[in-house]
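Working notes, beginning with the structure itself.
Residue numbers (the numbering used here): 1299 to 1709.
Right, here's the structure in full:
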């Protein structure tokens, strides 16, 4: 077993004692503080290699120590890879899976191949081995922490026993671990999460200010207002609304963020996502890829996340951002600044209502011109349009304007 360092134990004990204090269920300010105290997990946790999981091309399986759960010590399983770089330290990224996922060695490989150190963590007490009695489930390990219970379904538990508390803690600890490794630049470590991992990412970037960039994919905050299963589950969940909603802390997220999704996503509506990027003060980029699909593979097989991360660690800013957007009558107009040449623009619009993922989205041509270092995209908005955005293309890459509810104020 891993031996916990005195400094690590002291910070864990401090957090645990606070969480075990006389905190009433309706004392939301105290519970928010307990969550925000997780930012104090800055010491690197002890780590050991995971037996039974052979290294693959320099990527190894590990366990790292995590917070106690219901009085018992826990550890998190992860795949970790650090590419060699003779010219200096490499940037890094923490990778957080979504529902039905686990730590993924191929995801680490994708980032290693692009020169990033990467750690893909399992946040439900599982490994990357399938369970013997259920090939669709992941095998839990003996020191695993809590698993997810529906949609914040464990909200009646003490805050320090809830799944999201441990998922956030493990993500912060993974950052601390990655930052401690020789050959990794601690000032250039980002985070990417898919689906529920996107919810975790949206939460963590308002807590752990050490991250250099964030890429919440699909998942976001403001879900109590969603017109789907999230809204039904969270509309009356005051703990989510007062303690867990990422919107509560996104005003602290000063890092550059890529909000990555697709208009047909059934789980995380575009208006909820937009509320998040409009709350965060840091530079943000939006990429809404029509017909992208919802899943780990669609998220890591497209080029947008890698291009964004490379632009941040290389140039310090997103490679493409919206400068302004709006509509005048039936004409939409968006200005972009881009460090890459843009090839074309496309208006993506809908005349339907209801949850954005259930609407029919139509693509139509937009005009794109470059004027004084700014790219101007204009398009005619179809009659009856209820929402729209404009995509610009640079080769295989897509960058999007912010989600617009028609008709926007005059440009």
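Even for Gly, the Cβ is constructed at its ideal location relative to N, Cα and C. These numbers were taken from a predicted model, which means no experiment stands behind them.
Closest residue to residue i among the options (Cα-Cα distance)
i: residue 1693; options: 1605, 1396 and 1330; result: 1605
i: residue 1673; options: 1686, 1622, 1654 and 1429; result: 1622
i: residue 1564; options: 1580, 1655 and 1421; result: 1655
i: residue 1477; options: 1357, 1494, 1543 and 1341; result: 1341
i: residue 1490; options: 1396, 1363 and 1386; result: 1396
i: residue 1653; options: 1671, 1561 and 1618; result: 1561
i: residue 1679; options: 1632, 1513 and 1332; result: 1632
i: residue 1651; options: 1619, 1685 and 1635; result: 1685
i: residue 1385; options: 1505, 1481, 1649 and 1671; result: 1481
i: residue 1578; options: 1559, 1566, 1507 and 1414; result: 1507
i: residue 1556; options: 1445, 1512 and 1677; result: 1512
i: residue 1634; options: 1402, 1669 and 1625; result: 1669
i: residue 1647; options: 1611, 1542, 1699 and 1360; result: 1699
i: residue 1389; options: 1522, 1649, 1483 and 1401; result: 1483
i: residue 1681; options: 1666, 1667 and 1662; result: 1662
i: residue 1364; options: 1445, 1472 and 1407; result: 1472
i: residue 1600; options: 1558, 1612 and 1611; result: 1558
Straight-line gap, residue i to residue j (C-alpha atoms, nearest Å)
i: residue 1550; j: residue 1609; result: 22 Å
i: residue 1645; j: residue 1525; result: 25 Å
i: residue 1568; j: residue 1349; result: 42 Å
i: residue 1320; j: residue 1456; result: Any reading at residue 1320 needs caution, since the residue's pLDDT is 42, under 50, leaving its predicted position unreliable; the model's value is listed next. Cα to Cα, the separation comes out at about 11 Å.
i: residue 1703; j: residue 1458; result: 39 Å
i: residue 1497; j: residue 1450; result: 11 Å
i: residue 1637; j: residue 1470; result: 31 Å
i: residue 1434; j: residue 1630; result: 46 Å
i: residue 1689; j: residue 1410; result: 29 Å
i: residue 1291; j: residue 1356; result: Residue 1291 is absent from the model: the chain starts at 1299 and stops at 1709.
i: residue 1532; j: residue 1461; result: 16 Å
i: residue 1536; j: residue 1529; result: 12 Å
i: residue 1443; j: residue 1371; result: 8 Å
i: residue 1404; j: residue 1474; result: 22 Å
i: residue 1447; j: residue 1509; result: 28 Å
i: residue 1416; j: residue 1393; result: 7 Å
i: residue 1465; j: residue 1618; result: 31 Å
i: residue 1463; j: residue 1696; result: 34 Å
i: residue 1620; j: residue 1582; result: 9 Å
i: residue 1419; j: residue 1468; result: 8 Å
i: residue 1353; j: residue 1344; result: 19 Å
i: residue 1691; j: residue 1452; result: 42 Å
i: residue 1332; j: residue 1664; result: 48 Å
i: residue 1607; j: residue 1366; result: 33 Å
i: residue 1701; j: residue 1351; result: 43 Å
i: residue 1270; j: residue 1408; result: Past the edges of the chain, shown from 1299 to 1709, lies residue 1270, and the structure says nothing about it.
Beta strand (DSSP E) segment containing residue i, residue limits
i: residue 1613; result: Note, residue 1613: premise wrong, no beta strand (DSSP E); alpha helix (DSSP H) at 1602-1613.
i: residue 1647; result: 1642-1648
i: residue 1595; result: That residue, residue 1595, is in no beta strand (DSSP E); its alpha helix (DSSP H) goes 1594-1599.
i: residue 1440; result: Taken as a continuous stretch (DSSP letters only), residue 1440 belongs to no beta strand (DSSP E), as it is neither H nor E.
i: residue 1620; result: 1618-1626
i: residue 1346; result: 1345-1347
i: residue 1266; result: Because the chain here runs from 1299 to 1709, residue 1266 falls outside it and cannot be looked at.
i: residue 1677; result: 1672-1678
i: residue 1632; result: 1629-1636
i: residue 1342; result: No beta strand (DSSP E) contains residue 1342, which DSSP labels as neither H nor E.
i: residue 1692; result: 1685-1692
i: residue 1699; result: First-last for residue 1699: undefined, no H or E at that position.
Range covered by the alpha helix (DSSP H) that runs through residue i
i: residue 1666; result: Element bounds for residue 1666: not the alpha helix (DSSP H) but the beta strand (DSSP E), 1660-1669.
i: residue 1465; result: 1461-1478
i: residue 1332; result: 1326-1334
Distance cut-off 8 Å: residue i Cβ against heavy atoms of the ligand NAD
i: residue 1468; result: Among the ligands in the structure shown, none appear at all, so the ligand NAD cannot be discussed.
Closer than 9 Å to chain D by CB, residue i
i: residue 1444; result: Chain labels in this structure do not include chain D; a single protein chain is all it has.
* Asked: Is it a yes or a no for the segment 1565-1582 touching the segment 1517-1524, going by three-plus beta-carbon pairs under 8 Å?
  -> The count of Cβ pairs closer than 8 Å, one atom from the segment 1565-1582 and one from the segment 1517-1524, reaches three, so the stretches are in contact.
* Asked: Taking the runs of the alpha helix (DSSP H) that are 4 residues or longer, which of them lie wholly in the segment 1349-1431?
  -> Counting only runs of 4 or more, we get 1403-1410.
* To do: Could you tell me whether the segment 1587-1604 touches the segment 1537-1552, using the rule of 3 or more Cβ pairs below 8 Å?
  => Of all C-beta pairs linking the segment 1587-1604 to the segment 1537-1552, fewer than three are shorter than 8 Å, placing the two stretches out of contact.
* Touching or not, the segment 1580-1593 and the segment 1624-1643, by the rule of three or more beta carbon pairs under 8 Å? -> No: the two stretches stay apart, fewer than three of their Cβ pairs being nearer than 8 Å.
* **At least three beta-carbon pairs within less than 8 Å, the segment 1501-1513 to the segment 1536-1548** => The segment 1501-1513 vs the segment 1536-1548: in contact.
* Asked: Do the segment 1328-1340 and the segment 1417-1431 touch if we need at least three Cβ pairs shorter than 8 Å?
  -> A contact between stretches requires three or more CB pairs, one per stretch, nearer than 8 Å, and the segment 1328-1340 fails this requirement with the segment 1417-1431.
* Asked: Is there contact here, the segment 1324-1332 with the segment 1374-1387, by at least three beta-carbon pairs under 8 Å?
  -> For the pair of segments examined, the segment 1324-1332 was found not to touch the segment 1374-1387: the number of CB pairs separated by less than 8 Å stays below three.
* Can you list the alpha helix (DSSP H) stretches of 4 or more residues lying completely in the segment 1502-1575, in chain order? -> Contiguous alpha helix (DSSP H) elements confined to the segment 1502-1575 occur at 1527-1532, taking only those with 4 or more residues.
* **Stretch pair the segment 1438-1446 + the segment 1412-1424: three plus CB contacts closer than 8 Å** => Touching, yes, given that three or more Cβ pairs across the two stretches are closer than 8 Å.
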